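Quick note on UniProt numbering: the sequence shown kicks off at 1 and runs consecutively. Written below as structure tokens is the structure these notes are about.
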Amino acid sequence: MEGKMPKEKLTKEQIRKEVISWIAVMALGLGLGFLVNKFVFFTISSPTASMEDTFLIDEKVVILRTAYLFSKPQRGDIVVFPFPDDESMDYIKRIIGLPNETIEGKNGVVYINGEPLEEDYFKEPPEGDFGPYEIPEGHYFMMGDNRNISEDARDWDNKFVAEDKIKGKAIFKYPDFKWFSKVEY
Numbered sequence: 001m002e003g004k005m006p007k008e009k010l011t012k013e014q015i016r017k018e019v020i021s022w023i024a025v026m027a028l029g030l031g032l033g034f035l036v037n038k039f040v041f042f043t044i045s046s047p048t049a050s051m052e053d054t055f056l057i058d059e060k061v062v063i064l065r066t067a068y069l070f071s072k073p074q075r076g077d078i079v080v081f082p083f084p085d086d087e088s089m090d091y092i093k094r095i096i097g098l099p100n101e102t103i104e105g106k107n108g109v110v111y112i113n114g115e116p117l118e119e120d121y122f123k124e125p126p127e128g129d130f131g132p133y134e135i136p137e138g139h140y141f142m143m144g145d146n147r148n149i150s151e152d153a154r155d156w157d158n159k160f161v162a163e164d165k166i167k168g169k170a171i172f173k174y175p176d177f178k179w180f181s182k183v184e185y
């Protein structure tokens, strides 16, 4: 039996070092995961149909916490923020009105400073009127994409979201794989 190397026995010290190295790798991975979740990304799901067809109910949305470190929120961005009337709940909506603008809705059309806003993300044509509202400096006016059922800034007591309350910007979505866990054998 040529070419076979004899198996060497691991010492207790070698086993201990190997176990410690695996524990260190796992701890580092968990620590990095915690830091990324705390300071870079987090996920949220849309519990209602207010953002359909952009997000379906229970689809997971990845939010980038650092999106506005070097830039300001823009019209059309989908963001997460504490609900202005009850900050214990997070909402996900689209930015429609920017600071120092006048926003108004007439017959389902949004007007910014008297000019109609072109929007192409509706589930169905919007209805109704609102405003006009003057958006304060450093604040934003949020609306859902499924306008006819969305409870958004048009309905809130506190109509505007302060820029420093925005927790992050939606960057992509993925389905909730509940069906995967319900596989029967």
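All C-beta atoms, glycine included, are put in the ideal place defined by N, C-alpha and C. All values reported here derive from a predicted model rather than from experimental measurement.
- 8 Å or more divides the Cβ of V79 from the Cβ of D90.
- A distance below 7 Å between beta-carbons, with the five flanking residues on each side excluded, links P125 to the following residues of its chain, in chain order: G108.
- Note on M26: under 16 other CB atoms within 10 angstroms of its CB, so exposed under the neighbour-count rule.
- Minimum Cα-Cα distance from K72 among the listed residues Y174, K173, D164 corresponds to D164.
- Counting C-beta pairs closer than 8 Å gives fewer than three between the segment 113–121 and the segment 10–28, which falls short of the contact rule.
- G29 sits in a helix when the DSSP states are folded into three classes.
- Looking at the DSSP output, F130 shares a beta bridge with G105.
- Our two residues, S150 and N100, have alpha carbons roughly 24 Å apart in a direct line.
- Annotated three-state conformation of I20 is helix, per DSSP.
- The three-state reading of DSSP puts M51 in helix, counting H, G and I together.
- Straight-line measurement puts the Cα of K159 at about 9 Å from the Cα of H139.
- Note on geometry: alpha-carbon atoms of R65 and E13 lie some 44 Å from one another.
- Residue pairing of A67 in beta bridges, as defined by DSSP: absent, with no partner found.
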